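All the letters of the sequence shown, read from the start, carry residue numbers 134 to 422 under our numbering. Worksheet: one structure, shown below.
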Amino acid sequence: MEKIIKPVSGFLAFALSVVSLPICIYCFVLFGESHSAVFLWLGILSFLFSLFMAKGIMIISPNHSRVLTFFGKYTGSVKENGLMWVNPLYKSYNISLRSQNLNGQQLKVNDKLGNPIEIAAVIVWRVQDTYRAAFEVANFQQYVQTQSEAAVRHLAVSYAYDQMEDEQADITLRDGGDKVNEMLEKELNDRLAPAGIMVMEARISHLAYAPEIAGAMLQRQQATAIVAARSKIVEGAVGMVEMALAKLSEKQIVELDEERKAAMVSNLLVVLCGESKVSPVVNAGTLHP
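Right, here's the structure in full:
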């Protein structure tokens, strides 16, 4: 558990350390003149006191901290900035509290349906608990990188790439958007909590089919788009034919039997659904021989 301590201001310690040096020099000068052991011991004590005070001085920059141990036992963490003084016998570890970016490498994994895809994520994180970051894991930066890769892999295998593969899926990697990013952020926070790391933001930065199936998937997407467009065209053409027959019947412009209706429907559908221009053909005769 992290324990925050407030050390003594380092300015007083710095002043005492500086003042002790002239006293030490003066005592050694007096010892050289009088050869008195008292001045010798005073000079030695002044020198040791100056070293003692100077060694405990530490400078902590903004968004940095120091983790302190005393003969292997955790004493506390200093997060206050400025010139500080602590027990010189403490051993300190510097840990940055600044936000850091992890631009994950592209990973090649299989999605929920087994299709090979490429995926990568950008993660913004910072140290929240200095005790856990220093003592619960061996190297918290390497821990963040490894666990982030594992979380991205787990996300990729949990969902399909898109709904063309899984039409019943509520969430897919490509269309999930913010929801997918939220799930990734939550899993990362769960994985990195033992190291005292807080994930501030996590986003998918790269998502694509693997090269070996990218061409086939593109053709399938194009075919799906063509089928969807044709369905709309046919639906509209049938409505127009229906409207045309209804108008002809309503205004009694011409009486059409079933055979003539079938021929008219066929001609209208060819005109409306065809991709190329249609050349009109004038029939001067009759449909009946």
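The C-beta atom is built at its ideal place from N, Cα and C for all residues, glycine as well. Note that this is a predicted model, so its numbers are computed, not measured.
Residue i vs residue j beta-carbon contact at 8 Å
i, j, result
"tryptophan 258", "valine 141", "no"
"valine 290", "asparagine 248", "no"
"glutamine 238", "alanine 253", "yes"
"glycine 209", "lysine 136", "yes"
"asparagine 314", "arginine 286", "no"
Cβ separation of residue i and residue j, assumed to be a contact under 8 Å, to the nearest whole Å
i, j, result
"isoleucine 250", "leucine 321", "At roughly 19 Å, the Cβ-Cβ gap does not stay under 8 Å, so isoleucine 250 and leucine 321 are not in contact."
"asparagine 272", "serine 229", "Between serine 229 and asparagine 272 the Cβ distance is about 14 Å, and since that is not below 8 Å, they are no contact."
"tyrosine 292", "alanine 328", "At roughly 26 Å, the Cβ-Cβ gap does not stay under 8 Å, so tyrosine 292 and alanine 328 are not in contact."
"glutamate 166", "isoleucine 193", "Their Cβ separation, rounded to whole angstroms, is 44 Å, which puts glutamate 166 and isoleucine 193 out of contact at 8 Å."
"glutamate 282", "leucine 240", "7 Å"
"methionine 333", "serine 225", "In fact, because the Cβ distance is near 26 Å, the residues do not count as touching under 8 Å."
"glutamine 280", "arginine 324", "4 Å"
"leucine 317", "leucine 288", "5 Å"
"cysteine 160", "serine 179", "6 Å"
Cβ-based neighbour list, residue i, same chain, cut-off 6 Å, excluding 5 preceding and 5 following
i, result
"phenylalanine 86", "A query on residue 86 cannot be resolved here, the shown segment of the chain reaching from 134 to 422 and no further."
"glycine 143", "Ile190, Leu216, Met217 and Trp218"
"alanine 267", "Val200 and Tyr226"
Cβ neighbours of residue i in the same chain (closer than 7 Å, five flanking residues each side left out)
i, result
"phenylalanine 164", "Phe172, Leu173 and Gly176"
"aspartate 295", "Thr305, Arg307 and Asp308"
Local conformation of residue i per DSSP, three classes
i, result
"arginine 336", "strand"
"alanine 266", "helix"
"threonine 202", "strand"
"methionine 134", "coil"
"alanine 289", "helix"
"tyrosine 276", "helix"
"alanine 341", "strand"
"alanine 254", "strand"
Cβ neighbours of residue i in the same chain (closer than 8 Å, five flanking residues each side left out)
i, result
"tyrosine 264", "Met134, Glu135, Lys136, Val200, Tyr207, Ser210 and Gly329"
"glutamine 261", "Gly329, Ile330 and Met331"
"serine 338", "Asn236, Gly237, Ala253, Ala254 and Val255"
"glutamate 269", "Pro327, Ala328 and Gly329"
is_contact[residue i, chain D] using C-beta, thresh 8 Å
i, result
"glutamate 315", "Protein chain content of the structure displayed is limited to a single chain, and chain D is not contained in it."
Point to revise | Any alpha helix (DSSP H) of 4 or more consecutive residues that is wholly inside the segment 205-250 | key: none
Review point. Which full runs of the alpha helix (DSSP H) of 4+ residues lie inside the segment 140-196, going along the chain?
Key: 143-167 and 170-188
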